Each structure stands twice: as structure tokens, then as C-alpha cells.
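Q: Protein chains in written order, with the numbering used here: chain F, 14 to 384; chain S, 14 to 384; chain U, 14 to 384; chain V, 14 to 384.
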């Protein structure tokens, strides 16, 4: 297997070499194998679009990567994704990608509750936006001909999200903001990409298949039938670093989660706990408990109890694989500034569309019609 | 409270005075009270359409009723609905409706497993289609000016379903077939209504909110995201007479249940048990267990476990309240023969439409456009 | 109904007039009614011991009560239990008990997160142990001939737990400490009761029927069969004041919860979240999700998923009804200092006994043999 | 790995080479490996007794085997266990055991619902107890020096259960009856073993860890606390041959299942469906849904919902591994006729003891004290 696709692929840089990166990198390599190609051909295995904007799943190349953790810096990306504290399963085994992980500056600090999970060398714990770091990072992105830079940082990394947006714009790369920190919703950031003539996508990835989707789907089904929702809740548990982080920095996430249920009219009766607890034994899995209580004809009760279990990082990779192809195509087509892609984000640029309209938007974009 | 709506309402006859009849009759009376009207005004409480074809929920009058059970025959309908072996909760208490339950002939026999539940006098256990019965029943329907006759018989009552279809056609009443026995799908029956110039609706009620709906909704959500469904099952348990009957006569129901999931492409991986067991302690409640296992990005597992609990008969009444109003309007408009209303039936006349298209069909009909 | 039992009953004072008090007071009055007596006679309805140490359930009288909330102070106890923010269901309706709720000093402050739930007058928010308060409280307990003072304060009320221990000892009343704050495990407090010649019971009530019990029961069942527990967790959710308090002050509770599972040998694989989130819509109900994963013969997997739903305060009252009778008897028998009653406490005086041994201890005490 | 334990082991013959045989044979071989021995040493992995009556788990040898299926007859046992329609997972891979599967006579017929699962040659479908078969089978058991013959036949195989009992007695082997067909509870069969001077164990294996155990454990926990059980049910689903068989021949099993809950006093409120449905996709897994509803203090509700998933055949093997060692020791000690071992059977010889007493009985037997 080669890390190159012979020049046809989208060149992707990764900010944050955690579980999401592991899922994405292993997946792309897997889907290039014969077994993976067969899965792709079957139209399943978590792929919405086997081919999107002319790119097959395997036609994604990794060009650069950044992290703050000493155990990942200077390793090959194909090795770094298996370093501590990553917990995504080892599917393909270590690979040589030719991409060496670069040091990222620690801009938001490392909170105490992550101290046992993240290893940062003493000299690099400061929070200042070092001018040398900025130029160095631009140089890495530009020299590797990176076309799309993906922000995989943990929730709450506000300064770093902004820093790498400026790096991308300066280096002429598209930027995909997977975090809840505002980027398409920050005017200065959006203007930066407009001026640089490259596309900006965000904010906050909607999971490929997660508890927000299942919860909203069930609530909508009740409402469509005229049933009253008397009480409903959604409680999420996980065991990876991101989850521990979320538990301590729930702010932006709680808002995003609620906005993901905003299409439901009885939102008042609905309570959501994005991160109810860190359960180390769950590893990279996420468990969601959903309860819905309602009344129907003649006030008779209806109750639904759900347990949902998913692999957290596969849920991100299954969405990002589409986004890097869309962003690559957008850049190629010369689109500048925010690109409205409602389907993949909890808080998208432009209007939040209904599921059907959002999907139609993607299909139009796929055909080359970005109106 | 009056049983009459002052002449504006649809006059409805009921074949089978079981739990479904109890839910329907109590509900109509409840929604005529101040508390009920307030619930209707709120747009919830299990009502899809507070007003449909110009009829409010309370604008439904009961005109006649038939049953085989000695404990119901000759009682007022408002009392008979609380007789043994009915198990629907008592919400409104006994009422005087002015409708006396007529004796229905026992056409399909009473199976041994229902012997302890149904009380039929010795002289009436025969299966022959007595000519006297036929004329007598027509006379009841006609003389009460019944506009819509609703078939609430248990699954597998093939002869009786046919018998009352012929009664309705002869008496000039529309017929709503809630059972899986073919009526709109039986050419002779359909022709009868075409010739009589009255409408026929069927076959097999789709529950207002039940396990088929929840199961299909979840499977579709996975498929829309490109996840593979590796195994899924749905198992239903209940405690009313209908459920005991189903357990012993699963044939037509199993086929209907599967057709209700027919829009899902991976139907091969899906197993459905419509009636896994009769649990007396559940009463008129129904419990459905649904399990969905799939794989997403990079073959990572997704699992969903659901427990759904609903009041079985409210689930029927919430649908029939719409059907009697649609059938009343269809008859008034002079429609003859099968009326295609995909939304409310598992096995409708005409094509089985997608949920969105089926809903649009109802809304067109509501506006008076039955194209 | 009379609030008095004619002098035969145990005279009980309550510190904290919240949901637990509501459950206890309503329950005692209910079990004195004919319907309640019938339930008692059936040996069920949550009563371990219809008669204990010679006292029937109804032979408990309320003599005094203390709270910090303006909406309860100076009300009759039978009215105060229905004041905001209490959420326990109204079963018996308001009663006249003759007991007026006295003001308790605010010793531990009112944390910000409870500000919208607890109403304390401006002049009473200080934290000092006012000498006048102390004398006044002793006077209330002594003058009402209170025999047993029950500490129903929220977790983390360390100063108040200590304050009322000293009040009880000074007034010659037994003290039942339902909170995790050390009392029997505090030498100064224990000595106080030894010197005063009255009994002290604690610490931290074990719920009558809760997730700790169910979880421990399942884990023990696996271990008894030689199965390996690979991962297990327990997550609790609730909607009352105590739960909100717990979420913010989890410290002592988390330790207690773990100690309640201490009899299980594979405790390393077990994770417990005592308060995963405050879900207002649950009211006084508590929901526990328990997951157990293990391996059996030839490494084959076993999995158990549990959802448990209970009324939180009934769970306390069902235990306290026994404790006040035991404490009353202990005082009557002249026992001084810590009384070891392992069965009812998470962290009891003396050794934590196995369930069987702990039960035997109670039965011996009931017979008058407190060895 | 050797199939022999150098003469120290118990020599075991198997009647029925289905999933249970596969679990037992693979398990014994696995626990002889280094990895298996380590698991044994850990005291876990589904082993109640690493050593019992002086025999380690690996000190069990297979000496003979019988089946009716053409696809298994004449194969080595280590290969036959992987033949269709067996569905137990392949853990150790095919082995050479030196034991060739002998043809068993078809005595109870092959019911229509198993026709697609069991392959019997046309000439062998008769039901007569052929004299030649009898002598041939005795010869197989005797010549292989089989010490213990285990009856793994499906529920309802009444004639075959009796046939192999007579074979065992005639050949001087102990007999372990895992089925609900009466053997220790049949006087003629019991007398046979008394006369032959060899031990007889049965009837009907209690699963190592299954829904009966979990259900009884939860019900007992409620009752011990004085809670009233208002309604409870247990529903079981599976996907192997035995389960399909059970669904059609529920008789004896339903009785056994109920007797397994007989220690619970509120058995009236409890409903059990041993085989609610055959779900092919579950394979050799079994799913049990348990619901418990009760009321506690002041009539407040308690509800417990459980989903239990286990490997069906491992559940049998984990018990049989103890029984063959006990039976081997009993034979060695010269015990004749029924041996009362309440712990392992739903319907044991002698009295059904409480769990604690039953366990004590095994421990006494282990020490050589079979009083």
C-alpha cells in the first residue's frame, strides 16, 4: 500500500493526532485495501458517499500533522496515532505515511484534569502565541502542499482553533473546524478566508450516528403523530480524553447539543447532559441513554427507553471523510470564505436546514452546483 | 354530555366491542368535555388532526354496534365497552349512548385458546352464514343511518370480515377494514363497493405509534448514513385478547409486520416476532423490544437497544378517529370503491407511499382534492 | 386521625423538612389508616418489620422539626412538608400534627447552586454557631420530650450535622445520622453520647432499595459462579434538591457508594457515578443505569443491562421507620454511645457485616439481645 | 496437546454432539493450554471449582460420543463439534481426539420444525428400539471404558433419554441427565442404577448464569426488603437448534423454569416465557428480558428493567464440567442410584435446597463426605 494516490488525492493536514485522527487515517488506508474496496463497493460500512466530488474514499492523502504531546511529536503519523493516550482500536497496525508529526504550540493550556493524559514538555507549557511558532506552522502547511487543514482539537481550545485558522488562511489551505469554538461564526475569521480566497467549513461536527440523531429522530416521530412529549432526557457517557475534557468544559457543547434538537417543538420538556461522566472502562466507546415519555389518545402513556453504544471516533471520521473531499473541491473551484454545508455541522454557516434540504444541498454541491 | 352532535357528526357503527371500541368511544366523549377540548386545542394528546375534512374530533356519533359475546349483547354501548374481557382503562366511566349492542353471528368459530375469554351462548356457536343474520344486520345498519362501519374484529376473522363488508355495501355505509384480512385487496369485495357507490378503506391499520414505526425509523436512520445493519430484531408482548389471538394466529400479521418494514433495504438482517407471548399482567399494554446492530466507519460497531411501552387500543383509536372522518367525507363526496389512503394502513389500496408522500395524500384529501 | 399514639409511641424530631421528612410523615399517618393497616398486615408495601422492638409503624409520633427555609419555618409540620421546593408526591394531603417547624441556623452556608431552591432570609445566612441558637434548639428538643432526633440534612452539611449531634446529646435524645458526614466515626461526637448516656446511630443511610443494592446483588451473583467481571458501571440520575446538591458535593458520597460495593472482589473493574446529572423532570424519582460485562466458560461474554427507577425519599423513609424504633428502644434500654447496626448504614459503627449477619444482628436486637 | 490425561482423568461419553458438546470439548482442551491454565489459576473464567473431587478441569477425557446426524457420524469428535448445524464459536479449531462419533438410533423422531436443521438418513428415521442398536451402544460405552455418560439430548427426547440411561447402567457408567425428561424422578430408571451399582444424576441442568438466576436474585432482593411485587415477567429468545426445539416443545421446560423461581413467595405475579421466539441471527446466544414492578414505602413504585445476553452452550458446559467430575468420583466411591446434588439441577433428586445449603452440599461432597 502506498500513502500516495498518485497525485489525484486531496492533501489533508491534521491538527490534533488523537482518536479521531487514528480513525480517519486507519480508515483511509483500510478502504484502499481489497477488503476495504469491497466494503466500499457494497455501499455500506459507514460511508454515505463512496465517491464525492469525484474523489473516492481512498483518494485522500495525509500531508502534515500537528500535536502538543511529546509522545507523538517527531513520529511518523502512522505510528503516532497508536501512541498514548489514544484508545481507538488498532485495525490496520502501524504504517509508514511519510508524514512526521510537528510540534503544535500549547495555546489554551493543559487543564489539571488532563494532566495525567497529556504529556507536554516543561518548556512548552506557555500560552503565548509565539511568532516563531506561527511562521513555522505556516511553513509546514505550505511546503507540504496541504490543501485542507482539519481542526481535530478538543472542545474549548479557543486560542488554538483561531491560531490554526490563521495558519491555514496564510498558507492557502481550506480549513475544516470540527470544534464548537466559533470560526464560521466569527466575523474576523470568516473575513480572513474571504480575503485569502480559500474556503472555511464549520462549526462543530454533527456525529455520523450518535445520540443527538437518535433522540431527535424519536422526538420528531412522536410529534409527527400528534403525541405530547411530557418528559425526555438524553445522558451521555464516554471513556476517551475528549470525553473527560467535555465533562470539565461542557459550556459550548451543551449549547450545540441543544441546538441539534432545535427542530423539535417541545424542547422545553427535553433535558440533555452531553457528558454525564467519564467511565474509563468504556475506552473510545460512547454510551447514550435516552428516555422519552409522552401521552397519546385519551392521555394514555407512551414510553421509550434507549441505550445506544457507538465508537466515538469512527463517528467523527465518517463525517470528516466527506468534509475533506468537499473542502478540497471547494478550494479547487476557487470558493472563498464560508461554505454553507448544513448537513455535517451542528452550527453551520447559513441557515440550519431540515435533514432533507441539507442532504439536497450536499447532492447539489457534489454535482458542481454550489448555489 | 350528549351522544348526539346535533346532526353534524359522522354516524359510525362498530363491529366488535372490544378494547379498541372502548378507547374510541371513551376518547370521543372525553374530547367533547372542556378538559378534552383544551387538550385538542393544544394540538397534542395523540391527535394528528384536531379537525379533518371539516369534522372536529367530537363530531363523531355512534349509531350501532355488533358483538358475539353474551356479556355485551343488548347492553348500551357505553356500558358494554366496560364488560369482560375488556381491559382498556376506565377513563370516562359508563355512559348512556342510546346505542344497543346487536348480536353478531359467530362466523369464524371461537378458537379453543379464546374459550376462557369469549362467552358465546351454546346455540350461537355455529359457523354458517345465516340468511336471517345477514338481513337483520343490514337492517340495523340502515335503520340507524350509519354512514361508516368500522371492522374492529380480531386477526383471522376472515368470514366475518367479509360478512360485514357485504352488510355495509348493502346498507350504503362506507367500510373501514382494520384487520389484515384482504378487503381492498379482494376483487369481489372491492367490486361490491364500486357497484354500491360507497367507499371502502383498508387493509390492516398501521398503529398510531408502535414498534413498527420506531423500528423502521431507526433502521432508516442507519441506512441514510450508510451504516450496515448486521442484525436486528423486534419482539412484541401484550396482555389483551387480541394479543392472545395473534399469538395463535400469527399468519397474516407476520406478513403485514414485515411489509411495514419493507422500505428498509437490509430487510434480510431483520427478524420480527409480532406476538412473542401473552403476558396477562400487561393488560391492554404492549411492550416491544427492538435491537439493532450495525457497523459504521472502519467496521466499528453500533448498537441500539429499545424498550417501547404503549397502550395498545389507544394506538388504534388514534388512527380510527381520522379514518371515520375521511370515510364519512368520502361517502359524502360520492366516492365509490377503494379509496387509496396509504398513510393509515399497512397494506393500503394503491401504492404504499413514503411517509412524506402518504401524509401529503391525506392533506390533499382534507382540502377536498382526492386526485 | 390523631397525631398522638396515646403515649406509647416513640417521640421523633426531624432536622430538615425536605422530601425524606415528607415521605416519613405521610407514611406514618397513612399506615395508621385502615387502608394502611391492611397494607401493613399484608407484610408488604415496603415494610421490613411491621412491628420492631414492640413498636408498630404507626406508633411513631413527631415531636419537633427544624429547617432553614423561610417557607417552612413556623408552619405546622403537616403543612411544611408540602412547601417548595419539596417534590415528594402528595399522598395524604395536609395534616395538623401540632408540631411547628423551628428555625435552624444556617451553619454550612447555602451554596450558589441551591440558591434558586432554598429560601433563606438575608439576616440568617451567616455561618457562626450562635450560642443563642444552640440553647434555643436544645430547649425545643427537651421541652417536646423528643426521644430520637433524625438528621435528614443534605450531604456536605458538616457543621450542622455536628451542631445537632450536640443538641441531641445535651437534650438527652438519641441521634440518627442519615448523612455521610462522620458522627459515629468521629471520636468527639461518639464520646459526647457515651457521656450523655444516650445512643448514637449512623453513618450514611443505605437506601431501602436502590442501585447500590441491585448492583452489588448482580456482581455477587457473577462472582459466586466464578465468572470474571471485565467491566461494570453504575450511573445515577435524579431530580430533587438532594440530587442537585450531590452533583456539586460528590466527595463523601462517592466514597460511601464505593464502600457499599466493597464486598465484591473485582471492585477494580467497577466504576460508580453517584450523581451523573440533575434532571429536573425526574422530580423525586431516581434513575440508575447499571451495566455488567463479564466472561464465563471459555471466555464467552455475559452482559447485563439494567435500568432501575425508584422514589428517592420513600427509599429513605423505609429505612428510617426502622431506625427510629431501634433508637427509641436503645434509649429506653439505657444504651449509651455508638450502637452497631450494620444493616441500615453504608458506614456503620463496628464492622460492616455481610447481609445475612447484619440482618441477624437486627433480629437479635429486636428480641432484646443487643450483644 | 494430548487427548489423554495419562490415566488420571474421568472418561466421559457424550450423547448428542451439539453446541453443548462443542463448548465442553473445546473448553476442556483450552483449559489444558498455558493460557487456559492461567485463566483457571485466576479463579475466574466461568469456573466454580478449578479442582473438584481431586480432578482439575483438564483432567476430563472424552471416550465416546453418539449422534443421529449424518454430518457428524463417523467423524472424529474434535471435528464433528464444528459440523452443521452447530453454531458455537470456533475457539480452539478442529482437533483430533481419537473418539469417533457413533450412530445413535432416532427414537423420538425428528419433528417437522427441525427438518431443515437435522440431517438423518432415510433408513434411520424409524422410532423402534432396535435390539441391535441397544447392544451396539452398550458395547461402545463399555469398550471405551467410559465412566460417565452425559445426556445432552434436546428437550422432549423422552425415549432416547430412557434408552441411554439403560445403556449406561448396562455398561457400568454413571449417567448425567441434563434434560427435563424424568430420570432420577422415574422409579424404574432410578432402580436400574441402584441395581447396577452406579450413580445417576439429574434432572434438568440449571444454567451456570442465566435469566432464571438473575430473575430469582432480583425478586428475592425485593422480598427481603418487604417490597410488594406487583408484576414481573421474564422472556427468553435464542437462535440455536435447542431454542427452536424448545419453542415447539415448551411443556417440560415451562414447568422447570417456574420451579426455578419457586423460592419466591409472590410467584403469582410472575410470568415466564422460556422460549418466546427463535431469532436465527442470535446464533448460540440467548437474550433474556426481565421486568420487575413493585411498590415500596407508601405505595411508591419501583421498577427494574433488565436485558441479559449470554452464550447458551457455555452456560451448560460451565455446569457439566463440575457434574462429570462429581459423577466420576461418585462412581469411584461406589455410590449406587440417585445422588442428590441440588445445586446443579432445576429438579434434583431429594429436596430442592436453598442456594446456600445446596452449595454446602457440594462442598461436603468435594471433601468426601456424601452424607
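Each residue gets a CB set at the ideal place from its N, CA and C atoms; glycine is no exception. These figures come from a predicted structure and were not determined experimentally.
Where do the ends of the beta strand (DSSP E) carrying residue 336 of chain S lie?
A: Counting along the chain, residue 336 of chain S falls outside any beta strand (DSSP E), though it belongs to the alpha helix (DSSP H) covering 325 to 345.
Q: According to DSSP, is residue 24 of chain S helix, strand or coil?
A: strand
Q: Could you list which residues in chain B have their beta carbon closer than 9 Å to that of residue 317 of chain V, in chain order?
A: Reference to chain B is not applicable here, since the protein chains of this structure are F, S, U and V.
Q: Candidates U:297, U:325 and U:279: which alpha carbon is nearest residue 305 of chain U's?
A: U:279
Q: In chain order, what residues of the same chain have a beta carbon less than 8 Å from the beta carbon of residue 328 of chain S, not counting five sequence neighbours either side?
A: 220, 221, 222, 223 and 299
Q: Suppose you measure from the CA of residue 49 of chain U to the CA of residue 289 of chain S; what does that come to, to the nearest Å?
A: In this structure, the alpha-carbon of residue 49 of chain U lies about 38 Å from that of residue 289 of chain S.
Q: Along chain F, in chain order, which residues have C-beta atoms closer than 9 Å to that of residue 61 of chain S?
A: Simply 237, 238 and 239.
Q: Below 8 Å between beta carbons is the criterion; list the residues of the region 317 to 336 of chain V that meet it against any residue of chain S, in chain order.
A: 318 and 320
Q: Can you pull the chain U residues whose beta carbon is under 7 Å from the beta carbon of residue 248 of chain F, in chain order?
A: 250, 289 and 290
Q: Indicate whether residue 104 of chain F and residue 337 of chain F have their beta-carbon atoms separated by less than 8 Å.
A: no
Q: Leaving out the 5 sequence neighbours to the left and right, which residues in its chain are closer than 8 Å to residue 133 of chain S when beta-carbon positions are compared?
A: 81, 82, 83, 119 and 123
Q: Rounded to whole angstroms, what is the Cα-Cα separation between residue 107 of chain V and residue 35 of chain V?
A: Going from the Cα of residue 107 of chain V to the Cα of residue 35 of chain V covers about 10 Å.
Q: What does the alpha-carbon distance come out to for the pair residue 31 of chain S and residue 97 of chain S?
A: 9 Å
Q: To the nearest angstrom, how far is it from the Cα of residue 285 of chain F to the Cα of residue 352 of chain U?
A: Distance from the CA of residue 285 of chain F to the CA of residue 352 of chain U, rounded to the nearest whole angstrom, comes to 44 Å.
Q: At a CB distance below 8 Å, what residues from the region 97 to 131 of chain V approach chain U? Give them in sequence order.
A: 102 and 104
Q: Can you grab the Cα-Cα spacing for the pair residue 130 of chain V / residue 41 of chain V, in whole Å?
A: 27 Å
Q: Looking at the secondary structure, which residues open and close the beta strand (DSSP E) in which residue 115 of chain F lies?
A: Segment 114 to 116, the beta strand (DSSP E) holding residue 115 of chain F.
Q: For residue 244 of chain V, list the residues DSSP reports as bridge partners.
A: V:306
Q: Counting only beta-carbon atoms, is residue 28 of chain F nearer than 8 Å to chain U?
A: For residue 28 of chain F, no Cβ of chain U is located within less than 8 Å of the residue's own Cβ.
Q: Where do the N-terminal and C-terminal ends of the beta strand (DSSP E) with residue 290 of chain V fall, by residue?
A: 283 to 291
Q: Measuring alpha carbon to alpha carbon, tell me which of U:372, U:334, U:348 and U:225 ends up nearest residue 212 of chain U.
A: The shortest Cα separation from residue 212 of chain U among U:372, U:334, U:348 and U:225 belongs to U:348.
Q: Give me the chain U residues within the contact set of residue 230 of chain V, using Cβ-Cβ distance strictly less than 9 Å, ordered along the chain.
A: Going along chain U in sequence order, the residues near residue 230 of chain V (Cβ under 9 Å) are 230, 231, 233 and 234.
Q: How far does the beta strand (DSSP E) with residue 74 of chain S in it extend, from its first residue to its last?
A: DSSP places residue 74 of chain S inside the beta strand (DSSP E), whose first and last residues are 73 to 80.
Q: With DSSP run on the structure shown, which of helix, strand or coil describes residue 89 of chain U?
A: DSSP places residue 89 of chain U in strand when its eight states are reduced to three.
Q: Suppose you measure from the CA of residue 109 of chain F to the CA of residue 159 of chain F; what does that come to, to the nearest Å?
A: Distance between the alpha carbons of residue 109 of chain F and residue 159 of chain F is about 18 Å.
Q: Find the residues of chain F that neighbour residue 39 of chain S, judging by a C-beta separation of less than 7 Å, and give them in chain order.
A: 311
Q: Taking DSSP as the reference, what is the three-state secondary structure of residue 94 of chain U?
A: Residue 94 of chain U carries a coil assignment under DSSP once its states are collapsed to helix, strand and coil.
Q: What is the rounded straight-line gap between the Cα of residue 174 of chain S and the Cα of residue 164 of chain S?
A: 7 Å
Q: Starting from residue 188 of chain F, trace the beta strand (DSSP E) in both directions and tell me its first and last residue.
A: The continuous beta strand (DSSP E) containing residue 188 of chain F extends over residues 187 to 190.
Q: Taking 8 Å as the threshold (beta carbon to beta carbon), is residue 221 of chain V in contact with chain U?
A: yes
Q: Using DSSP's beta-bridge definition, name the partner residues of residue 351 of chain S.
A: S:213
Q: Along the chain, where does the beta strand (DSSP E) containing residue 99 of chain U start, and where does it finish?
A: No beta strand (DSSP E) contains residue 99 of chain U, which DSSP labels as neither H nor E.
Q: Helix, strand or coil for residue 199 of chain U per DSSP?
A: Coil, per DSSP.
Q: Whether or not the region 171 to 186 of chain V and the region 314 to 334 of chain V are in contact is what I'm after, with contact meaning three or more pairs of Cβ atoms, one per stretch, closer than 8 Å; do they touch?
A: no
Q: Quick test of the definition: if touching needs 3 or more C-beta pairs under 8 Å, does the region 193 to 208 of chain F touch the region 239 to 257 of chain F?
A: By the Cβ rule, the region 193 to 208 of chain F does not count as touching the region 239 to 257 of chain F, because fewer than three pairs are nearer than 8 Å.
Q: Quick one: give me the first and last residue of the alpha helix (DSSP H) that residue 162 of chain V is part of.
A: Residue 162 of chain V -> not in any alpha helix (DSSP H); beta strand (DSSP E) instead, spanning 161 to 164.
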